[in-house]
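Residue numbers (the numbering used here), protein chains in the order written: chain A, 1 to 211; chain B, 1001 to 1211. Beta carbons are placed, not taken as given, at the ideal position from N, Cα and C, and that holds for glycine. Only a predicted model underlies this, so the values are computations on that prediction, with no experimental measurement involved. Here is the structure we will look at, set down as structure tokens.
There are 2 protein chains.
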Amino acid sequence: MLRVQNFTVSADGYGSGEGQSLDQPFGTANPGELMSWFFPTASLPGRSDGSGTRGLDDLFARDWAHGIGAEIMGANKFSPHRGPWTDLSWQGWWGDEPPFRTPVFVWTHHLRPSFTLGETTFHFVSGSPADVLAQATEAAGGLDVRLGGGAASVRAFLDAGLVDTLHVAVAPVTIGAGSRLWTSPSELEDRYHHEQVASPTGRAVHHLFWR
Amino acid sequence: MLRVQNFTVSADGYGSGEGQSLDQPFGTANPGELMSWFFPTASLPGRSDGSGTRGLDDLFARDWAHGIGAEIMGANKFSPHRGPWTDLSWQGWWGDEPPFRTPVFVWTHHLRPSFTLGETTFHFVSGSPADVLAQATEAAGGLDVRLGGGAASVRAFLDAGLVDTLHVAVAPVTIGAGSRLWTSPSELEDRYHHEQVASPTGRAVHHLFWR
Chain A
1 MLRVQNFTVS ADGYGSGEGQ SLDQPFGTAN PGELMSWFFP TASLPGRSDG SGTRGLDDLF
61 ARDWAHGIGA EIMGANKFSP HRGPWTDLSW QGWWGDEPPF RTPVFVWTHH LRPSFTLGET
121 TFHFVSGSPA DVLAQATEAA GGLDVRLGGG AASVRAFLDA GLVDTLHVAV APVTIGAGSR
181 LWTSPSELED RYHHEQVASP TGRAVHHLFW R
Chain B
1001 MLRVQNFTVS ADGYGSGEGQ SLDQPFGTAN PGELMSWFFP TASLPGRSDG SGTRGLDDLF
1061 ARDWAHGIGA EIMGANKFSP HRGPWTDLSW QGWWGDEPPF RTPVFVWTHH LRPSFTLGET
1121 TFHFVSGSPA DVLAQATEAA GGLDVRLGGG AASVRAFLDA GLVDTLHVAV APVTIGAGSR
1181 LWTSPSELED RYHHEQVASP TGRAVHHLFW R
């Protein structure tokens, strides 16, 4: 199964703003606002002091890794660089212990050698969504594959009919321009069952889709 | 951590009705009504055909086993028998492959030898809630312990201040008499943060508590 988990977009459907850079991984969008439902939860990666909320937002947060054996992410989730690699020192945004702890397949035209950081190995693959999914599925060893975004990658796999379930959190902010997932969640209702649940925190409306 | 997960009560707070028996594990309560939020989900134990819903109810259903290393259950969850064991052939309601797949500690005055069914080993223990939790915590090997019910057992551990988080699903049915968890969920608000979320299915209101 290919699952989108905890992917967060603005009320107007953008996963990130324009102008991504090293200092602004979400471009003009403010990740602190966009992801405000996620940061206070007990399951925030790296939190080890037992603090954090354990309500509905945390239930979504902690489901992120369960049953997942590999991740597929778009090139722009991995890096702000564009075009061929000129410097291989970039190893992602996540420090020495990336939270994935599975093989990660970075979908890109610009290949480079695989490398391992902590418990995560990054592979760089091109080809169609179906090709990439086949590689990730084999690496997942019978577990599910998570499609990690960004919005353009989720759209490409959706358009190829390859996504089995989606959890998308819609934050009460607008971005206005950038990488867009949808105009409205209802666009997917021709192909998916759809439930939406407003978090009691008011920080997101959680949308669930399945076939 | 000691966690209550997916424990289901009626709108009037009962986890089961009066008159539990071999044919009626929930006494006068109809488990098909009480648990109607749970049975359609993709995560129902034993479902292997890929069917089932994957909305909010399923998110709760599939969280049941994650991070859990042992369960504590009351004697009445294990068996309809009362008093000393006269026949050790009873091995629970769950067939040859109980869904727990961890050590299970049955809290009872009436001890009997441990036994293993599939991947689950049942132990029979007496003593205070703190004594039982200490044994289960040791068996859980660093993972959390689930408190599986029934209502009287949850009450006993709550009254001893030992429960860290609770997920209780409230079904839109009334039972009227039996084993009662509470008059109202608000009773726990002096000790816990509390969120409630109505399932889009209408089959339960999910209540989350944490300290």
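**Asked** Quick one: Cα of leucine 88/A to Cα of leucine 147/A, how far?
**Response** Translated into the one-based positions of the first sequence, residue 88/A becomes position 88. Translated into the one-based positions of the first sequence, residue 147/A becomes position 147. For leucine 88/A and leucine 147/A, the distance between alpha carbons rounds to 24 angstroms.
**Request:** Could you work out which residues of chain B lie near glycine 55/A, taking near to mean beta carbons separated by less than 8 angstroms?
**Result:** Along the first sequence, one-based indexing puts residue 55/A at 55. Those are His1193, Glu1195, Leu1208 and Trp1210, listed as they occur along chain B.
**Message:** Taking the beta carbon of serine 16/A as the centre, do at least 16 other beta carbons fall within 10 Å, making it buried, or is it exposed?
**Reply:** Position 16 of the first sequence holds residue 16/A. Buried.
**Request:** Taking 8 angstroms as the cut-off, decide whether the C-beta atoms of valine 132/A and tryptophan 107/A are in contact.
**Result:** Mapped onto the first sequence, residue 132/A falls at position 132. Mapped onto the first sequence, residue 107/A falls at position 107. Yes, the Cβ-Cβ distance between valine 132/A and tryptophan 107/A is below 8 angstroms.
**Item:** Partner residues on chain A for aspartate 1063/B, Cβ-Cβ distance less than 9 angstroms
**Value:** Reading the second sequence from its first residue, position 63 is the one you call residue 1063/B. In chain order: Leu59, Arg62, Asp63 and His66.
**Prompt:** Since lysine 77/A and glycine 13/A are thought to touch, with beta carbons under 8 angstroms apart, how far apart are those beta carbons, to the nearest angstrom?
**Reply:** As a working note, residue 77/A is residue 77 in the first sequence. As a working note, residue 13/A is residue 13 in the first sequence. In fact, because the Cβ distance is near 17 angstroms, the residues do not count as touching under 8 angstroms.
**Asked** DSSP three-state call for glutamine 1135/B: helix, strand or coil?
**Response** Numbered from 1 along the second sequence, position 135 holds the residue referred to as residue 1135/B. It is helical.
**Asked** What does proline 1200/B touch in chain A if you count any residue whose Cβ is under 8 angstroms from its own?
**Response** As a first step, residue 1200/B is located in the second sequence; it is residue number 200 there, counting from the start. The answer, in chain order, is Glu195, Gln196 and Val197.
**Asked** Helix, strand or coil: which one does DSSP assign to alanine 140/A?
**Response** The residue given as residue 140/A occupies position 140 in the first sequence. It is helical.
**Message:** Within a Cβ cutoff of 8 angstroms, which residues of the same chain sit near tryptophan 64/A, ignoring the five residues on either side of it in sequence?
**Reply:** Counting from one through the first sequence, the residue named residue 64/A turns up at place 64. Scanning its chain for C-beta atoms nearer than 8 angstroms, with the 5 sequence neighbours on each side dropped, one finds around tryptophan 64/A the residues Gln5, Asn6, Ser43 and Arg146, in chain order.
**Prompt:** Residue range of the beta strand (DSSP E) that glycine 1032/B falls in?
**Reply:** Locating residue 1032/B in the second sequence gives position 32, where the first residue counts as 1. Where glycine 1032/B is concerned, there is no enclosing beta strand (DSSP E), although the alpha helix (DSSP H) it sits in stretches over 1031-1034.
**Request:** Return the CA-CA distance between aspartate 164/A and arginine 191/A, expressed in angstroms with no decimal places.
**Result:** Working through the first sequence from its first residue, we reach residue 164/A at position 164. Working through the first sequence from its first residue, we reach residue 191/A at position 191. C-alpha separation (whole angstroms): 10 angstroms.
**Asked** What distance in whole Å lies between the Cβ atoms of proline 200/A and valine 1197/B, which are believed to be in contact at a cut-off of 8 angstroms?
**Response** Reading the second sequence from its first residue, position 197 is the one you call residue 1197/B. Reading the first sequence from its first residue, position 200 is the one you call residue 200/A. Their Cβ separation, rounded to whole angstroms, is 6 angstroms, which keeps valine 1197/B and proline 200/A in contact under 8 angstroms.
**Prompt:** At a Cβ threshold of 8 angstroms, is threonine 137/A touching chain B?
**Reply:** Reading the first sequence from its first residue, position 137 is the one you call residue 137/A. Contact with chain B is absent for threonine 137/A, since none of that chain's Cβ atoms lies less than 8 angstroms from the residue's Cβ.
**Prompt:** If you draw a straight line from the alpha carbon of alanine 75/A to that of aspartate 96/A, how long is it in whole angstroms?
**Reply:** Here the question's residue 75/A lines up with position 75 in the first sequence. Here the question's residue 96/A lines up with position 96 in the first sequence. Cα to Cα, the separation comes out at about 19 angstroms.
**Message:** proline 1129/B and phenylalanine 1105/B - do their beta-carbons sit closer together than 8 angstroms?
**Reply:** As a working mapping, residue 1105/B is identified with position 105 in the second sequence. As a working mapping, residue 1129/B is identified with position 129 in the second sequence. Going by C-beta atoms, phenylalanine 1105/B is not nearer than 8 angstroms to proline 1129/B.
**Within-8 angstroms CB hit, alanine 1165/B to chain A** = As a first step, residue 1165/B must be located in the second sequence, where it is residue number 165. The sequence shown places threonine at residue 1165/B, not alanine. Yes, because at least one Cβ of chain A sits closer than 8 angstroms to the Cβ of threonine 1165/B.
**Message:** Please return the same chain residues whose Cβ sits closer than 6 angstroms to the Cβ of alanine 1136/B, not counting the five positions on each side in sequence.
**Reply:** For this step, residue 1136/B is matched to residue 136 along the second sequence. Excluding positions up to five away in sequence, the list reads Ala1070, Ile1072, Phe1105 and Val1145.
**Whole runs of the alpha helix (DSSP H) within the stretch 1127-1201 of chain B, excluding any shorter than 4 residues** = With a minimum length of 4 residues, the continuous alpha helix (DSSP H) runs that stay inside the stretch 1127-1201 of chain B are 1129-1140 and 1151-1159.
**Candidates His109/A, Val125/A and Gln91/A, of which the one nearest phenylalanine 115/A by Cα** = Numbered from its first residue, the first sequence carries residue 115/A at position 115. For the residues His109/A, Val125/A and Gln91/A, the minimum Cα distance to phenylalanine 115/A belongs to Gln91/A.
**Asked** For leucine 1188/B, which of Glu1138/B, Gly1161/B and Phe1039/B has the nearest alpha-carbon?
**Response** Mapped onto the second sequence, residue 1188/B falls at position 188. Out of Glu1138/B, Gly1161/B and Phe1039/B, Gly1161/B has the C-alpha closest to the C-alpha of leucine 1188/B.
**Asked** So valine 1125/B packs on glutamate 1033/B, CB below 8 angstroms; how close in whole Å?
**Response** One-based indexing of the second sequence puts residue 1125/B at position 125. One-based indexing of the second sequence puts residue 1033/B at position 33. Contact between valine 1125/B and glutamate 1033/B is absent: CB atoms are separated by about 32 angstroms, not below the 8 angstroms threshold.
**Prompt:** In the stretch 1040-1083 of chain B, which residue ranges form an unbroken beta strand (DSSP E) of at least 3 residues, counting only runs that do not cross its ends?
**Reply:** Runs of the beta strand (DSSP E) spanning 3 or more residues and lying entirely within the stretch 1040-1083 of chain B occur at 1068-1074, in chain order.
**Reduced DSSP secondary structure (H/G/I, E/B, other) of leucine 1111/B** = Walking along the second sequence from the start, residue 1111/B turns up at place 111. Three-state DSSP puts leucine 1111/B in coil, outside helix and strand.
**Asked** Looking at the structure shown, is arginine 203/A part of a helix, part of a strand, or coil, going by DSSP?
**Response** Along the first sequence, one-based indexing puts residue 203/A at 203. Coil, per DSSP.
**Request:** Going by CA-CA distance only, name the one from Ser1079/B, Phe1039/B and Leu1181/B that's closest to valine 1154/B.
**Result:** Indexing the second sequence from 1 puts residue 1154/B at position 154. Distances from the CA of valine 1154/B to each of Ser1079/B, Phe1039/B and Leu1181/B were compared; the closest alpha carbon is that of Leu1181/B.
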